[in-house]
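Beneath this line is the structure, given in structure tokens, with notes to follow.
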Amino acid sequence: MKQRTRVLHVLQAIINPTKTFFFFTRTTHSLSQVQLMDQSASDRYSYNPTLRWNPQVEDYFIQAYGAEAFHRISKALTRPSCYSCIRVNTLKTTTEAVIEKILEIQREKRLNDSLNNLDTNDDVDISESVKSPTSETNPVLKCQIPGLDYVVFVKGSGPHNIQYDYQQDAPPKEVIVSRKCAEAVLRGAQVYIPGILACSAHVEKGEKVAVSVGVEQPGRDGGWAIGITHPQYLEREGMYIGQGITTMSRAGIFRDLSGLGVDMTDRVFRLEPFNDVMKGGIFLQNLPSIIAAHVLDPQEGERILDMCAAPGGKTTAIASLMKDKGEVVAVDRSHNKVLEIHNLAAELGLNNIKPYKLDALKSVNSNIINGNLTQTEDIVGVTSQEAKATGFVNGNLSSPTAEEKICALPVSDKVGIPNDEQSRKGQYTSKREERKETRRMKNGPGRHHSTGGRVDKCEGFPPNSFDRVLLDAPCSALGLRPRLFAGEETVESLRKHGKYQKRMLDQAVQLVRPGGVLVYSTCTINPGENEGLVRYALDTYKFLSLAQQHPRIGGPGLLGHYKSSDGYFEEWLRPGEEDLVQRFDPSGPHDTIGFFIAKFNVGPKDA
1 MKQRTRVLHV
11 LQAIINPTKT
21 FFFFTRTTHS
31 LSQVQLMDQS
41 ASDRYSYNPT
51 LRWNPQVEDY
61 FIQAYGAEAF
71 HRISKALTRP
81 SCYSCIRVNT
91 LKTTTEAVIE
101 KILEIQREKR
111 LNDSLNNLDT
121 NDDVDISESV
131 KSPTSETNPV
141 LKCQIPGLDY
151 VVFVKGSGPH
161 NIQYDYQQDA
171 PPKEVIVSRK
181 CAEAVLRGAQ
191 VYIPGILACS
201 AHVEKGEKVA
211 VSVGVEQPGR
221 DGGWAIGITH
231 PQYLEREGMY
241 IGQGITTMSR
251 AGIFRDLSGL
261 GVDMTDRVFR
271 LEPFNDVMKG
281 GIFLQNLPSI
291 IAAHVLDPQE
301 GERILDMCAA
311 PGGKTTAIAS
321 LMKDKGEVVA
331 VDRSHNKVLE
341 IHNLAAELGL
351 NNIKPYKLDA
361 LKSVNSNIIN
371 GNLTQTEDIV
381 GVTSQEAKAT
391 GFVNGNLSSP
401 TAEEKICALP
411 VSDKVGIPND
421 EQSRKGQYTS
431 KREERKETRR
441 MKNGPGRHHS
451 TGGRVDKCEG
461 FPPNSFDRVL
471 LDAPCSALGL
481 RPRLFAGEET
491 VESLRKHGKY
501 QKRMLDQAVQ
511 LVRPGGVLVY
521 STCTINPGEN
531 EGLVRYALDT
541 YKFLSLAQQH
551 PRIGGPGLLG
561 HYKSSDGYFE
571 EWLRPGEEDL
581 VQRFDPSGPH
591 DTIGFFIAKF
601 NVGPKDA
């Protein structure tokens, strides 16, 4: 309790307790004309979104949390945390050096803001911050959680009332961006061309434009639609997230496929993006994710498995806690994501991470006995010859040579970017392929499209082959913020997430040795994927028991059960279990994302 009080005291120093949201009103307009209403411009051009849910999902959450608590959670999800959480890579730098660098960046930014006459609404004295970089009045604070002194909090601010230079007969020109783009902008990103949906007429390079969001609204067919391109959708419930300067004309925006479209100069929420700042020395990561790695409590020399490791944040946090000693096996089914893990580990200077391409649902391979497969082809479809090249020795992974790694890969994984000689062959490209390539350039590569580079494939692991396993399971992600729309999830889809996670847990339980530790985490507020999964684990595997977690700053889990009108029953935690899990409430005092952590001790398994 004392620890939670200290953490709360620190976080309250960087969270503005007097935030006020401005009321949102509906605007009726097209991109070329604004129908003025009786409301003032300050009400119309404001940020106060209402998060839309599927009605059945909303009823489910209200039963779980209560109407008032769910309203607070839903409101909190529409805004970002008002601080950035930075994990310092102590292998390359120190916490003090990072704090000093951030303060230097802030000094430069404040100078630029003052030159541009921007009203930051921030009364922090930077000169005083430099003198005492760890005092509670400063925008940069060192984490006070025991053992997390390598974590730094950087204060942000918002929501701010932006002055859009509205005039009675000349409303501001605006750019409408997609919801995903807007959520990134609220976290500090810029507006890039692929995220722009529409733009006012006669916008030229260098003009100031208001940036608003095209959010899904109820459609005529009963689904959801963005009503900005269809003639009859004259009313659009817009949300204005700031303003910026266009980097090209309207014609250029819709001609180019990539690049910066709007350079944001004034934002509703002001958070430092930290792009290319101290690369390799810091890593932006949510506080609950850092705590999840600590809860696992990895020790030097152990063999750890991160089952769904991409993009590698928790993997590298675990490796750092082990001081780069031992082995952290990181698996993901996506070729490109495995490359991301490999690149991040290299950037942070971590050598004990072994990333592999593997579907977590096929992590257990009982056919491996003393390093050999008992069948010609295993359950993943890799031959025994490829398995030996991958490096299984006595049930453990060894380090194959570069030649052996290449031999273990199918031809499709060896193909990279064509060289100049291949490009000069002049093969005919159909119009269909050209259109496909255009879409790829605009939207980026798909999940299973290789961007080049080789990755090691793995056919699975023998049971009981890891000391500790982290299962940060794919989930509905309903705890991530900011979130401007949640209507895509249905009761049926939430139940499917839970079934998928149970299958992954079944694999994870087999891979942890008796006496080991299993940590399960999600970034969702859905009880069915959190407490419901814990109930399944404890009822199905009697050798699992909930363990105390350190550090602990999250709240207790949910007790009780849920029964729907269609007969679906879902049991959560029982009395005495609620304080053995951590539930992070996005509307709580720590201002984190919605997150859940459960830690299990693995006892002797039945023969």
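full-length UniProt numbering applies: residue 1 is where the sequence shown begins, and numbers increase by one. Glycine included, C-beta positions come from ideal geometry on N, C-alpha and C. Quick caveat, the model's predicted, so the values are computed rather than measured.
Residue i versus residue j - alpha carbon distance
i, j, result
"valine 211", "methionine 248", "15 Å"
"glutamate 216", "tyrosine 47", "16 Å"
"valine 88", "serine 157", "22 Å"
"leucine 358", "valine 295", "25 Å"
"valine 534", "alanine 170", "57 Å"
"lysine 279", "tyrosine 500", "36 Å"
"histidine 497", "leucine 91", "37 Å"
"glutamate 531", "alanine 69", "18 Å"
"glutamate 300", "isoleucine 593", "30 Å"
"valine 491", "threonine 94", "46 Å"
"glutamine 176", "lysine 205", "The identity of residue 176 in the sequence shown is isoleucine, whereas the question assumes glutamine. Going from the Cα of isoleucine 176 to the Cα of lysine 205 covers about 16 Å."
"aspartate 606", "tyrosine 541", "10 Å"
"leucine 305", "leucine 480", "24 Å"
"glutamate 207", "aspartate 221", "38 Å"
"methionine 307", "glutamate 174", "44 Å"
"aspartate 149", "isoleucine 291", "12 Å"
"valine 98", "isoleucine 282", "8 Å"
"phenylalanine 461", "aspartate 506", "14 Å"
"lysine 337", "valine 329", "14 Å"
"leucine 77", "proline 298", "32 Å"
"glutamine 63", "glycine 567", "15 Å"
"arginine 186", "tyrosine 83", "Checking the sequence shown, residue 186 turns out to be leucine, not arginine. Taking the straight line joining both Cα atoms gives about 12 Å."
"valine 140", "phenylalanine 153", "6 Å"
"asparagine 464", "aspartate 591", "38 Å"
"glutamine 163", "phenylalanine 269", "14 Å"
"lysine 142", "alanine 182", "30 Å"
"phenylalanine 392", "arginine 255", "Note that phenylalanine 392 scores 38 on pLDDT, short of 50, meaning its location in the model is unreliable and no value can be drawn from it."
"isoleucine 73", "proline 586", "6 Å"
"valine 203", "lysine 109", "27 Å"
"alanine 293", "alanine 309", "12 Å"
"aspartate 579", "leucine 111", "47 Å"
Spatial neighbours of residue i in its chain, beta-carbon cut-off 6 Å, leaving aside the 5 residues before and after
i, result
"proline 410", "Low confidence applies to proline 410: its pLDDT is 34, below 50, so where it sits in the model is not reliable, and the reading given next is rough at best. None."
"glutamine 167", "none"
"arginine 79", "Pro482"
"methionine 264", "Gln190, Gly242 and Gly244"
"lysine 457", "Lys357"
"glycine 554", "Gln582, Arg583 and Phe584"
"lysine 414", "Residue confidence is low: lysine 414 scores 35 on pLDDT, short of 50, so the model does not pin down where it sits. No coordinate-derived value is stated."
"asparagine 396", "With a pLDDT of 42 at asparagine 396, under the threshold of 50, the modelled position of that residue is not reliable, and no figure is offered here."
Sequence-distant residues of its chain with Cβ nearer than 8 Å to residue i (five each side left out)
i, result
"residue 673", "In the structure as shown, the chain starts at 1 and stops at 607, and residue 673 therefore has no counterpart that could be examined."
"valine 602", "Val509, Val512, Arg513, Pro514, Gly515, Gly516, Val517, Leu518, Phe543 and Leu544"
"arginine 333", "Lys357, Leu358, Asp359 and Ala360"
"lysine 502", "Leu533 and Tyr536"
"lysine 323", "Glu300"
Same chain only: Cβ atoms within 7 Å of residue i, ignoring 5 sequence neighbours per side
i, result
"isoleucine 253", "Ile193, Ile196, Cys199 and Gly261"
"glutamine 549", "Val295, Gln582, Ile597 and Lys599"
"asparagine 54", "Gly487, Glu489 and Thr490"
"serine 178", "Gly195, Leu197 and Gly214"
"leucine 558", "Ala64, Pro527, Glu531, Trp572 and Leu573"
"proline 604", "Pro514 and Phe543"
Opposing strand residues paired with residue i [DSSP bridges]
i, result
"lysine 279", "Ile282"
"valine 154", "Ser84 and Val140"
"glutamine 190", "Answer is none; glutamine 190 lacks a bridge partner."
"glycine 219", "Answer is none; glycine 219 lacks a bridge partner."
"cysteine 199", "Val175"
"asparagine 601", "Val517 and Ser545"
"leucine 471", "Tyr520"
Below-8 Å beta-carbon distance, residue i vs any chain B residue
i, result
"alanine 64", "The displayed structure is made up of one protein chain only, and chain B is not part of it."
Whole-angstrom C-beta distance between residue j and residue i, which should lie under 8 Å
i, j, result
"phenylalanine 596", "threonine 522", "5 Å"
"glycine 453", "leucine 546", "So it is not a contact: roughly 41 Å between Cβ atoms."
"leucine 494", "glycine 528", "6 Å"
"proline 146", "proline 551", "7 Å"
heavy atom of the ligand COA below 7 Å from residue i C-beta
i, result
"isoleucine 253", "As for the ligand COA, it is missing from this structure, which has no ligand bound."
Indicate whether the contact test is met: 3 or more Cβ pairs, each with one atom in the segment 260-278 and one in the segment 99-114, closer than 8 Å.
-> yes
Could you tell me whether the segment 481-488 touches the segment 303-318, using the rule of 3 or more Cβ pairs below 8 Å?
-> no
Determine contact between the segment 334-346 and the segment 297-316, defined as no fewer than three beta-carbon pairs at a distance below 8 Å.
-> yes
Touching by the beta-carbon criterion (3+ pairs, under 8 Å), the segment 283-292 and the segment 349-368 = no
Given 8 Å, three or more beta-carbon pairs between the segment 571-579 and the segment 463-481 = no
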